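Presented below is the structure to which this report refers.
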Amino acid sequence: MLAYIIRRIGYGLFVVLGVLLLLFALFFLVTAPDDIARKAVGEKAMPHVIEQWKKNHGYDRPLWPGDGHYADNLLVDHFRRMLTFDFGRSDADDTPILTRIRQGAGPSLSLTVPLFLIGITLQIVLALFVAFFRETYIDKMGVFLCVLGMSISALLYIIGGQFLIGKLLRWFPISGFDASPSVIARFLALPVLVGVLNALGGGVRFYRTVFVEEIHRDYVRTARAKGASDARIMGRHILRNAMIPILTNVVMEIPFLFTGALLTEAFFGIPGLGALTVDAIMGNDFSTLRTMVYIGALLFIFGQIVTDISYSVADPRVRLE
Amino acid sequence: MAAHHVSNLIVGALLVLLLYVSYWVRHQRLWREALLQLWGRRSISLLVLSLYTLVALSDSVAWIGGTTSTGDAVFAHDARSLLDRAFDGTSEKSYSAPLASQEFYGGATLAHPKSHVLGTDIIGRDVLYLTLKGCRVALLIGGFTSLIAIPLALLFGISAGFFGKWVDDIVFFVISTLASIPGILFLIALIMALGKGTLSVCVALGVTSWVGFCRISRGETLKLRELDYVHAARMLGVSNGRIILRHILPNLMHLVIITFVLTFSGLVLTEAVLSWLGIGAEGSWGQMIAQAKDELSRDPAVLWNLAGAGLAQFGLILAVNFVGDAARDVLDPRTLKENQ
Amino acid sequence: MSTLLKISNLSVSFPLENGRAPIVDNLSLEIKSGEVLALVGESGCGKSLTALSILRLVPKPGRIDSGRIELGSRELLGLGVTGMREVRGRDASMIFQEPMTSLNPVVTAGQQVMEAILLHEKVSRQAARARTLELFKRVGIPDPEARLDAFPHQLSGGLKQRVMIAMALSTHPKLLIADEPTTALDVTIQAQILELLRELQEDYQTAILLITHDLAVVNELADNIAVMYAGRIVERGTRLDVLKTPAHPYTRGLLRAMPGLARRGEKLNEIPGTVPQRAHWPTGCRFCTRCSEVFEPCEKTVPDLTQLSSTHSVHCHAVEQKIHAAADVRLSPGEGSSQ
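In structure tokens:
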């Protein structure tokens, strides 16, 4: 087991290097430092202004290791700094990126964690319910509603939610964020509600398929032949087997709890990591964008490794020696 | 070659492709029965999709010339599509409510009272016209992108699965790397790097969406390679290319169709998010919705822009989802076998 | 011996392209307590469905259309959900063909057997575990203590089937339904499992409904045999009746076709043709398309019951005709009456 984990992490590091290479290609080759500078100071700026800007932000070195430049070039620099989490400063407003990340992590988590927990619970419960009644009208109606829900864009959920509940019904504030414990729930209520609704359709549909697949298995027939009740079969037999794909799905989501929900944060004025990314897009802040993508990838790879390991824990048939 | 020439050519090519496919399907009992079953289950959705396609096509066939209703010489030199010409000369000055006779703010009389079914937008363009134009963009995003992504995925996936060893290692590494970057972030990075615009969006979406299907086709190829008749073909000395073309590829077709339909809706929805971030395609429904957000906070609120684009998008994706589900049921290898 | 299970006029149908078709057609069957009845037939003849119907486990879209099933004094088809749950696993148990997939992969073997006990009897978990251990020993599972906590994938096919048997017999049911219990196992293991079933049957005096297509298995275990073809029973009798003196052309064909009887170099005997598709079943005797003794009434009329002895009966026009012809010869006055 330990050997497997080590091998897995090793391959993961390998992939991280691949990602860094890709990011370098995207952010230094496809978009040359000159372009980045121009976007920051203006298209028609004088050459010396551009050079000055590049110097201030560390873009004035050569791209590749040439003769004599083994350490002082953008490629090596990029790798070294990203791997040591030395993210530098924002291209837009010069603030240290790491500070911004630290500040944004809290609000992001306060949104994504409740959203995730409530969402998953609701999805599994509803999916169990619908799967139990499969082939009946309840099931068909349920699936229909799911497809309906899946066909509505996230934008519409957000706008609709804001308009209906925020403006018309005035139950919760439309946007804004206040971290003090007494009022934080009020500001998070609407974003969480909207987020849960958005993911509900697809989630219930997916889990329903998992449950229905299990219902058709032979061991369910054996359990029925023993005289077990349908409820018991659902709860003790099917759920335990369905846990395998469910768990892998759930664990994969965990990294995204950190990167924050881009749209939701931006729309609802929550100053988290997602909003940070959106600001970077709007402001052509390539260094911040680079960093956010890198962090996203790191968390994703981490999540995959944890998923693989948890898979072997959940399924006794897959014990990796 | 001007943009509209390319567009016209593509429409022509698509029509030829359609004719070829329908001829081929008529002679393949398996596919013909599958198609009939699909029609039996989801005729409404298929009709809706045909409607969307027709509208999109009507906006794709364009030429220069003809007269404009305003007699405007400037416009006569732009390529205008069938759709453009149909809505020629219907603009107003600014907002107007659906089927109104007066402007929304101010109450001045309209140039074409009671003729705007969905009202007009901030610069007076008919909202129905804008909504219909969005069809083309949506189908472009969903369909065209898939047409790039799927063959790419097949190429790499089949190669990896069939040839194995170092080809597989490289492809798997590339897939892992690309898949490790969360989709939306990767899209953003790509579009920022490539520059904004519809083409960049298509390319970016294509690059990010081929990975999933590549994995699937690799897995399936691995399974198919071990089948007895493939072994037999190899022993008989049939070339690898032929084996892939005659044995592997046809058995992946049902997955191709299902994947195409299922990723279509995902792409359109993702584009909407990109539009909101300001890096989406030109003239898409996502863009309309994003712009409409501000209009909602006006007093009184302007709803019709949002309604038009929102409903159009919802309708398309709903129809695609229904057809996709039915296609998956019909093309399930288990049901395919039973029908034989 | 009293009648334990009585199936009368059972019909189970499945939907086809145009309407529903009965896969089990007006079938009647009886098992006495302590008896082993083998239900023999080719794949697809409906024998598994018959078995599943007893416990009302017919999978959708199949449906029991009509009939009566009486177990002891209870009529099973009219029972509600709770009533049926009491019958399942306690009055009648079932073991299945595929031990690989019939056990829950994420639950230990011991827990699955314990569940069977705990569902029907109010005993403590320790008591159930102790009983399970005893059962494991009884069915011949080596190293039973350790195996209690083993997962199904850690057990061989034969061991899994023993666990299934332990699970089925844990509550001392009066009837055990065994649906092809040895088909998926190696030949040597097959023999062991059959031996085990015979021992247990003698010990517990459980009646067994043995579903199989393998006549060798029948020979090992069965007291009585019922031969099934295309949804109907065509012949029934004791083991000797059917195996030594088969009456129905299908049964005779089956016995002739056994490879063991052929010598090297000889062509194997086969029954020509294949089982007709459900949509093409003839109105009369369903075997008529492949029967060597087919004649005029076979295609249109369903054969009646012909009693050959107190234990042996058959549904066949040809046999019926021969019997009547023989009876006529014996009864007719005039010529030959002096014999």
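Chains as they are written, first to last, in my numbering: chain A, 457 to 777; chain B, 13 to 352; chain C, 583 to 921. Each residue gets a CB set at the ideal place from its N, CA and C atoms; glycine is no exception. Please read these numbers as outputs of a predicted model, since none were measured by experiment.
Please decide whether Q760(A) counts as near chain B, where near means a Cβ-Cβ distance under 9 angstroms.
Residue 760(A) sits at position 304 when you count from the first residue of the first sequence. At least one chain B Cβ lies under 9 angstroms of Q760(A).
Below 9 angstroms between beta carbons is the criterion; list the residues of the region 671-690 of chain A that meet it against any residue of chain C, in chain order.
Hits within the stretch, in order: H672, R673, D674, Y675, V676, R677, T678, A679, R680, A681, K682, G683, A684, S685, D686, R688.
Nearest-angstrom Cα distance between L767(C) and G740(C)?
Within the third sequence, residue 767(C) is the residue found at index 185, counting from 1. Within the third sequence, residue 740(C) is the residue found at index 158, counting from 1. Spanning the two alpha carbons is a distance of roughly 7 angstroms.
Which residue's Cα is closest to the Cα of V695(C): R667(C), E668(C), A750(C)?
What you label residue 695(C) is simply residue 113 of the third sequence in a count that begins at 1. Nearest C-alpha to V695(C): A750(C).
Taking 9 angstroms as the CB-CB limit, is S607(A) close to chain B?
Taking the first sequence and counting its residues from 1, one reaches residue 607(A) at position 151. Yes, its Cβ sits closer than 9 angstroms to a Cβ of chain B.
Run down chain C in chain order and give the residues with a C-beta less than 8 angstroms from the C-beta of N697(A).
On the first sequence, residue 697(A) is found 241 positions in, with the first residue counted as 1. Per Cβ cutoff of 8 angstroms: N686, P687, V688.
For M457(A), go through chain B and note every residue whose CB falls closer than 7 angstroms to its CB, in chain order.
Against the first sequence, residue 457(A) aligns to sequence position 1. The contacting residues do not exist; M457(A) stays about 22 angstroms from chain B at best.
Counting only Cβ pairs nearer than 8 angstroms, list the residues of chain C close to E591(A).
Locating residue 591(A) in the first sequence gives position 135, counting from the first residue. The contacting residues are K642.
Just to make sure I have the definition right: I need the residues of chain A whose C-beta is within less than 8 angstroms of the C-beta of F733(C). Which are they?
In the third sequence, counting from the first residue as 1, residue 733(C) sits at position 151. Under the 8 angstroms cutoff, chain A gives P772, R773.
Is there a C-beta anywhere in chain C that falls below 9 angstroms from the one on I580(A)?
Counting from one through the first sequence, the residue named residue 580(A) turns up at place 124. Chain C, which has no Cβ nearer than 9 angstroms to the Cβ of I580(A), makes this no.
Could I get the ranges of all uninterrupted beta strand (DSSP E) runs contained in the region 485-546 of chain A, with 3 residues as the minimum, in chain order?
Listed in chain order, nothing qualifies, since the region 485-546 of chain A has no complete beta strand (DSSP E) run of 3 or more residues.
On the three-pair Cβ rule with 8 angstroms, is the region 124-143 of chain B touching the region 97-106 of chain B?
With the cut-off at 8 angstroms, the region 124-143 of chain B and the region 97-106 of chain B touch.
Flag this pair as touching only if the region 724-744 of chain A and the region 557-565 of chain A have three or more C-beta atom pairs under 8 angstroms; answer yes or no.
Short answer: they touch.
What separation, rounded to the nearest whole angstrom, lies between the Cα atoms of L211(B) and S70(B)?
Counting from 1 along the second sequence, the entry for residue 211(B) is found at position 199. Counting from 1 along the second sequence, the entry for residue 70(B) is found at position 58. Looking at the two C-alpha atoms, the distance is approximately 20 angstroms.
Given a threshold of 16 other Cβ atoms within 10 Å of its Cβ, counted over all protein chains shown, does F174(B) qualify as buried or as exposed?
Sequence index remark: in the second sequence, residue 174(B) carries index 162 (1-based). It is buried - the Cβ of F174(B) has at least 16 other Cβ atoms within 10 Å.
Can you find a C-beta in chain A that's less than 9 angstroms from the C-beta of G692(C)?
Position 110 of the third sequence holds residue 692(C). Chain A contact via Cβ: absent.
Mind the definition here: the region 105-122 of chain B touches the region 51-69 of chain B only if three or more C-beta pairs lie below 8 angstroms; say whether that holds.
They do not touch, by the three-pair rule.
List, in order along the chain, the chain A residues whose C-beta lies closer than 8 angstroms to that of F116(B)?
Position 104 of the second sequence holds residue 116(B). Per Cβ cutoff of 8 angstroms: no residues; F116(B) is ~18 angstroms from chain A at best.
Check whether the Cβ atoms of G644(C) and S684(C) lie closer than 9 angstroms to each other.
Here the question's residue 644(C) lines up with position 62 in the third sequence. Here the question's residue 684(C) lines up with position 102 in the third sequence. It is not a contact, given that the beta carbons lie outside the stated cut-off.
Could you name the residues that DSSP lists as bridge partners for T664(C)?
As a first step, residue 664(C) is located in the third sequence; it is residue number 82 there, counting from the start. Answer is none; T664(C) lacks a bridge partner.
Between the region 185-204 of chain B and the region 242-255 of chain B, do three or more beta carbon pairs fall short of 8 angstroms?
No: fewer than three Cβ pairs fall under 8 angstroms.
List the endpoints of the continuous beta strand (DSSP E) containing L653(C).
For this step, residue 653(C) is matched to residue 71 along the third sequence. Where L653(C) is concerned, the enclosing beta strand (DSSP E) stretches over 645-653.
Note down, in chain order, each residue of its chain lying with its Cβ closer than 8 angstroms to the Cβ of A112(B), except the 5 sequence neighbours on either side.
Numbered from its first residue, the second sequence carries residue 112(B) at position 100. So the qualifying residues of the chain are L122, P125, K126, H128, G131.
So which residues on chain A does F678(C) lean against when the C-beta distance must stay under 9 angstroms?
For the purposes of this step, residue 678(C) is taken as the residue at position 96 of the third sequence. Residues of chain A passing the Cβ test: D674, R677, T678, A681.
Beta-carbon of V594(C) versus every beta-carbon of chain A: anything under 9 angstroms?
Along the third sequence, one-based indexing puts residue 594(C) at 12. Output row for V594(C): interface = no.
Taking H534(A) as the query, report the chain C residues whose CB atoms sit under 9 angstroms from its CB, ordered along the chain.
In the first sequence, residue 534(A) corresponds to position 78, counting from 1. Within 9 angstroms Cβ-Cβ: nothing; H534(A) doesn't reach chain C, min ~46 angstroms.
With DSSP collapsed to three states, give me the class of D686(A).
Within the first sequence, the letter at position 230 stands for residue 686(A). Helix, per DSSP.
Got a sec? Which residues, its chain only, sit under 7 angstroms from L890(C) by beta carbon, not counting five neighbours each side?
By 1-based counting over the third sequence, the position of residue 890(C) is 308. A829, V896.
How many angstroms separate the CA atom of E350(B) from the CA atom of R656(C)?
Taking the first residue of the second sequence as position 1, residue 350(B) is located at position 338. Taking the first residue of the third sequence as position 1, residue 656(C) is located at position 74. In this predicted model, E350(B) has a pLDDT of only 49, less than 50, meaning its place in the structure is not dependable; the value taken from the coordinates is given anyway. Their backbone Cα atoms lie some 39 angstroms apart in a straight line.
On the criterion of 16 or more Cβ atoms from any shown chain inside 10 Å, does E617(C) qualify as buried, or is it exposed?
Here residue 617(C) corresponds to residue number 35 of the third sequence, with the count starting at 1. Buried: at least 16 other Cβ atoms inside 10 Å.
What are the residues that DSSP puts in a beta bridge with D240(B)?
Your numbering for residue 240(B) matches position 228 in the second sequence. Per DSSP, none; premise fails for D240(B).
Which ranges does the beta strand (DSSP E) cover as unbroken runs of at least 3 residues, wholly within the region 106-186 of chain B, from first to last along the chain?
With a minimum length of 3 residues, no continuous beta strand (DSSP E) run stays inside the region 106-186 of chain B.
Give the DSSP-derived three-state secondary structure of Q726(C) in the structure shown.
Residue numbering aside, residue 726(C) sits at position 144 when the third sequence is read from its first letter. What sits at residue 726(C) in the sequence shown is Pro, not Gln. Of the three classes helix, strand and coil, the one that applies to P726(C) here is helix, per DSSP.
Is it buried or exposed for T577(A), if we count other Cβ within 10 angstroms and need 16 for buried?
Looking up residue 577(A) in the first sequence gives position 121. Answer is exposed; the Cβ neighbour count stays below 16.
Mind listing, in chain order, the continuous alpha helix (DSSP H) runs of no fewer than 4 residues lying wholly within the region 871-911 of chain C?
Correct list: empty.
Quick one: list the residues of chain B neighbouring I757(A), beta-carbon separation under 8 angstroms, in chain order.
Taking the first residue of the first sequence as position 1, residue 757(A) is located at position 301. Those are S192, listed as they occur along chain B.
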